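Data block below; observations after.
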Amino acid sequence: EAQVTQNPRYLITVTGKKLTVTCSQNMNHEYMSWYRQDPGLGLRQIYYSMNVEVTDKGDVPEGYKVSRKEKRNFPLILESPSPNQTSLYFCASRNTGDLPLHFGNGTRLTVT
Amino acid sequence: QKEVEQDPGPLSVPEGAIVSLNCTYSNSAFQYFMWYRQYSRKGPELLMYTYSSGNKEDGRFTAQVDKSSKYISLFIRDSQPSDSATYLCAMRNSGGSNYKLTFGKGTLLTVNP
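Protein chains in written order, with the numbering used here: chain F, 1 to 112; chain X, 1001 to 1113.
Printed below as a string of structure tokens:
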């Protein structure tokens, strides 16, 4: 089954404790992206990657890092999480020339 | 002015009703217009998309784009309880290397049996 898989689905952590949210897609998509979804603000892009070793900032990149060492994986790294990063995070992918963004089922992160 | 405005609702309708969902936008460079549906505890999934102005129909769903008014709509006919979800409009430019979508905040729809 074609899908974007995020782990974990739920995560509660404390301020300053580094964490990684993994994202993997099995559709051989070149493009991958991370979004966060907040009430009243909607979905906002954090980072995106056009291909392996090619990443760039979206609209809200502060406090986040990403890497793209393999085509299928695009982890989101929070080096020193803060409470304002409490949010619902979505990873998405698409193929070149293919319109739809395919989303994962989200990771709900709470930073206390 | 926000790039994309969408009434968050909530919207509650009886089963069988016609539902109209709308978004307005300010960026005249937007060329692709989409509607995503998001069920609770799930990621958004693409429902409809149109390029530039015009209408597109798919079963009970019709998407309309009026670029002159910077206004897009999604109509749901004969609404069903299974249509209960948050509906997100999204749009993007035709050019650029980032396939970034700009989303509306979403409208929460409940269809009551």
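The beta-carbon is built from N, C-alpha and C at its ideal position, and this holds for glycine as well. Since we're looking at a predicted model, the values are computed, not measured.
Pull up the CB-CB distance for residue 1111/X and residue 1015/X, whole angstroms please, since I reckon it's below 8 angstroms. To locate residue 1111/X, count along the second sequence from 1; it is residue 111. To locate residue 1015/X, count along the second sequence from 1; it is residue 15. A Cβ-Cβ distance of about 6 angstroms is found for the pair residue 1111/X and residue 1015/X, placing them in contact under the 8 angstroms criterion.
Close-in-space but distant-in-sequence residues of the same chain around residue 1012/X (CB under 7 angstroms, 5 per side omitted): Numbered from its first residue, the second sequence carries residue 1012/X at position 12. Same-chain partners within the cutoff: 1110, 1112.
Which class does residue 1080/X belong to by DSSP, given the choice of helix, strand or coil? The residue given as residue 1080/X occupies position 80 in the second sequence. Note: residue 1080/X maps to coil in three-state DSSP.
So, with DSSP's three-state summary, where would you put residue 85/F? As a working mapping, residue 85/F is identified with position 85 in the first sequence. Here DSSP, grouped into helix, strand and coil, assigns residue 85/F to helix.
The beta strand (DSSP E) with residue 24/F in it runs from where to where? Here residue 24/F corresponds to residue number 24 of the first sequence, with the count starting at 1. Its beta strand (DSSP E) spans residues 19-25.
Of all the options 1024/X, 1078/X, 1058/X, which has the alpha carbon lying nearest to the alpha carbon of residue 1091/X? Here residue 1091/X is taken as the residue at index 91 of the second sequence, counted from 1. Looking only at 1024/X, 1078/X, 1058/X, the smallest Cα-Cα distance to residue 1091/X is reached by 1024/X.
Candidates 43/F, 56/F, 102/F: closest to residue 87/F by CA position: On the first sequence, residue 87/F is found 87 positions in, with the first residue counted as 1. For the set 43/F, 56/F, 102/F, the Cα lying nearest the Cα of residue 87/F is the one of 43/F.
Going by other Cβ atoms of all chains shown within 10 Å of its Cβ, with 16 needed for buried, is residue 1078/X buried or exposed? Stepping through the second sequence from its first residue, residue 1078/X is reached at position 78. Under this definition residue 1078/X is an exposed residue.
Taking C-alpha atoms, which residue in 1089/X, 1021/X, 1086/X, 1066/X lies nearest to residue 1028/X? For the purposes of this step, residue 1028/X is identified with residue 28 of the second sequence, where counting begins at 1. The shortest C-alpha separation from residue 1028/X is found at 1066/X.
Identity of the residue in 1076/X, 1026/X, 1006/X nearest residue 40/F by Cα: In the first sequence, counting from the first residue as 1, residue 40/F sits at position 40. Out of 1076/X, 1026/X, 1006/X, 1006/X has the C-alpha closest to the C-alpha of residue 40/F.
Using a Cβ-Cβ distance cut-off of 9 angstroms, determine whether residue 1049/X contacts chain F. For the purposes of this step, residue 1049/X is taken as the residue at position 49 of the second sequence. Output row for residue 1049/X: interface = yes.
Taking one C-beta from the region 72-81 of chain F and one from the region 1045-1062 of chain X each time, how about it: are there three or more such pairs within less than 8 angstroms? These segments do not touch.
CB contact flag (residue 58/F, residue 45/F, <9 angstroms): Indexing the first sequence from 1 puts residue 58/F at position 58. Indexing the first sequence from 1 puts residue 45/F at position 45. Yes. Within cutoff.
Return the residue from the list 1061/X, 1094/X, 1081/X, 1069/X that minimises the CA-CA distance to residue 1020/X. Indexing the second sequence from 1 puts residue 1020/X at position 20. Nearest to residue 1020/X by alpha-carbon distance, out of 1061/X, 1094/X, 1081/X, 1069/X, is 1061/X.
Can you list the residues of chain F that residue 1103/X reaches, using a CB-CB cut of under 7 angstroms? Position 103 of the second sequence, counting from 1, holds the residue named residue 1103/X. Near residue 1103/X (Cβ distances below 7 angstroms), the residues of chain F are 42, 43.
Once you ignore the five residues that flank residue 38/F on each side, which residues in its own chain have a CB closer than 6 angstroms to its CB? In the first sequence, residue 38/F corresponds to position 38, counting from 1. Closer than 6 angstroms at the Cβ level, and outside the excluded window around residue 38/F, lie 87.
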